[in-house]
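Anchor point for the sequence shown: position 16 equals 16 in UniProt numbering, and the numbering is continuous, going up by one each time.
All C-beta atoms in this analysis are idealised placements derived from N, C-alpha and C, irrespective of residue type, glycine included.
This structure is a prediction, so every number in the text was calculated from the model and none was measured.
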Amino acid sequence: MSRIRAARLNKIAVAFNEAAKAPRRLCNSSGSEHSPDDLSDLVNSFFERDCEVETDDGKIHQEEEEEQDDSDDGYWSDFEYKMKHVLQSLLSNKAHDEIEEEDVKQQIRTEAELACGVIGDMLSEDFKRQLMSHLRDKGFDAGLCKSRWEKLGSQIAGNYEYVDVNVNGSRYIVEVNLAGEFEIARPTTSYASLLEALPPIFVGKLKELKKIVKLMCKAMRVSIKNRDMHMPPWRRSGYMKSKWFGHYRRTLNELPARNPTHAGPAKRPVGFEAIPTISFHCRDNFASKAGLKVGYLAAAFNETN
Numbered sequence: 001m002s003r004i005r006a007a008r009l010n011k012i013a014v015a016f017n018e019a020a021k022a023p024r025r026l027c028n029s030s031g032s033e034h035s036p037d038d039l040s041d042l043v044n045s046f047f048e049r050d051c052e053v054e055t056d057d058g059k060i061h062q063e064e065e066e067e068q069d070d071s072d073d074g075y076w077s078d079f080e081y082k083m084k085h086v087l088q089s090l091l092s093n094k095a096h097d098e099i100e101e102e103d104v105k106q107q108i109r110t111e112a113e114l115a116c117g118v119i120g121d122m123l124s125e126d127f128k129r130q131l132m133s134h135l136r137d138k139g140f141d142a143g144l145c146k147s148r149w150e151k152l153g154s155q156i157a158g159n160y161e162y163v164d165v166n167v168n169g170s171r172y173i174v175e176v177n178l179a180g181e182f183e184i185a186r187p188t189t190s191y192a193s194l195l196e197a198l199p200p201i202f203v204g205k206l207k208e209l210k211k212i213v214k215l216m217c218k219a220m221r222v223s224i225k226n227r228d229m230h231m232p233p234w235r236r237s238g239y240m241k242s243k244w245f246g247h248y249r250r251t252l253n254e255l256p257a258r259n260p261t262h263a264g265p266a267k268r269p270v271g272f273e274a275i276p277t278i279s280f281h282c283r284d285n286f287a288s289k290a291g292l293k294v295g296y297l298a299a300a301f302n303e304t305n
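Quick look at the structure:
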């Protein structure tokens with residue numbers, strides 16, 4: 001199975017090389033040596049093909065010797081380099097975006113940046129809920145989406161929260177520190193550069209996020225393969241995609257639901273006066289006065305006598 005998937009990876013690498021060698025027009029807007037058409041070819045060739053290299057046990061195995069050559073390290077580095085151009089194209093290519101749509105993204109992004117400054121600790125448990133509340137206060141139809149998935153085969157169970165905003169029938173995903181979701185141990189230099197290319201605050205439609213997640217998952221596998229490491233279950237493609245693209249529940253509550261076992265004291269109904277509580281410690285009082293430890297029945301007999 002791994003050899004079949006490796007063959008697919010070789011095909012995608014060839015597609016990258018062919019696109020890179022094609023005649024190109026220089027584009028000064030992004031500082032890249034690829035023209036918009038060339039980048040479009042790279043993007044299309046990348047997503048039209050699969051380049052799985054992960055085996056069923058989660059280990060990124062080295063290919064057999066006959067499938068490698070002496071320039072293996074350079075081969076993988078070149079592949080990672082081209083993936084960075086694809087990612088930059090996804091993030092910066094606005095030719096297909098309507099002007100109004102791009103304005104909406106910028107408005108959401110600006111308010112999200114302000115919210116980060118007000119909230120402060122982005123690692124706090126309720127940060128995303130506070131972010132959602134801030135956006136709603138500014139007039140956006142924002143919600144807190146909670147996804148949850150069960151264990152399926154080698155994929156472990158998990159849950160995730162993210163913020164979305166609905167504008168004129170379009171749904172935008174808002175992610176602060178998207179790069180943090182793809183961090184791995186000992187990343188290659190090329191993969192680290194991909195993480196740095198991700199924006200501090202991502203605002204985009206679901207289809208845009210899907211392409212980014214797919215690319216980053218592939219790049220992650222290449223990086224881990226280069227380091228000859230094991231693929232963590234929480235970084236496998238299925239787990240990562242379940243965060244944003246599975247079933248979810250959307251809430252608008254600014255406060256989390258109260259847990260009945262941790263509920264505070266019940267509030268007194270409005271309109272009723274509180275009556276002072278009187279405690280009767282009959283047994284203790286009687287015993288203390290009599291100097292004896294007797295029961296209530298004995299006390300009653302003593303009183304009748």
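- Boundaries of the beta strand (DSSP E) harbouring Ser147: 141-149, taken from the DSSP string.
- Val118 is classed as exposed because its beta carbon has fewer than 16 other beta carbons within 10 Å across all chains shown.
- Distance from Ile108 to Tyr172 at the Cβ level is roughly 6 Å; contact confirmed, criterion being Cβ atoms closer than 8 Å.
- Within the DSSP secondary-structure output, Arg249 pairs in a beta bridge with Lys146.
- Looking at Ala157, Lys84, Glu183, Val203, the one whose alpha-carbon comes closest to that of Ala142 is Val203.
- With contacts defined as CB atoms closer than 9 Å, Leu195 and Glu208 fail to qualify as a contacting pair.
- For Ser170, the enclosing beta strand (DSSP E) has its first and last residue at 170-176.
- In the three-state DSSP reduction, Asp121 falls in the coil class, being neither helix nor strand.
- For Ser154 and Pro233, the gap between their C-alpha atoms comes out near 8 Å.
- As a beta-bridge residue in DSSP terms, Phe202 pairs with Glu175.
- The criterion of a C-beta distance shorter than 9 Å is satisfied by Lys241 and Cys217.
- DSSP, reduced to helix, strand and coil, places Leu114 within a helical segment of the structure shown.
- Annotation: Asp137 is outside any beta strand (DSSP E); the continuous alpha helix (DSSP H) that includes it extends over 127-137.
- Annotation for Glu161: the continuous beta strand (DSSP E) segment containing it runs 158-167.
- Between Ser223 and Tyr191, the C-beta spacing is below 9 Å.
- Arg148 places its beta carbon 9 Å or farther from that of Asn253.
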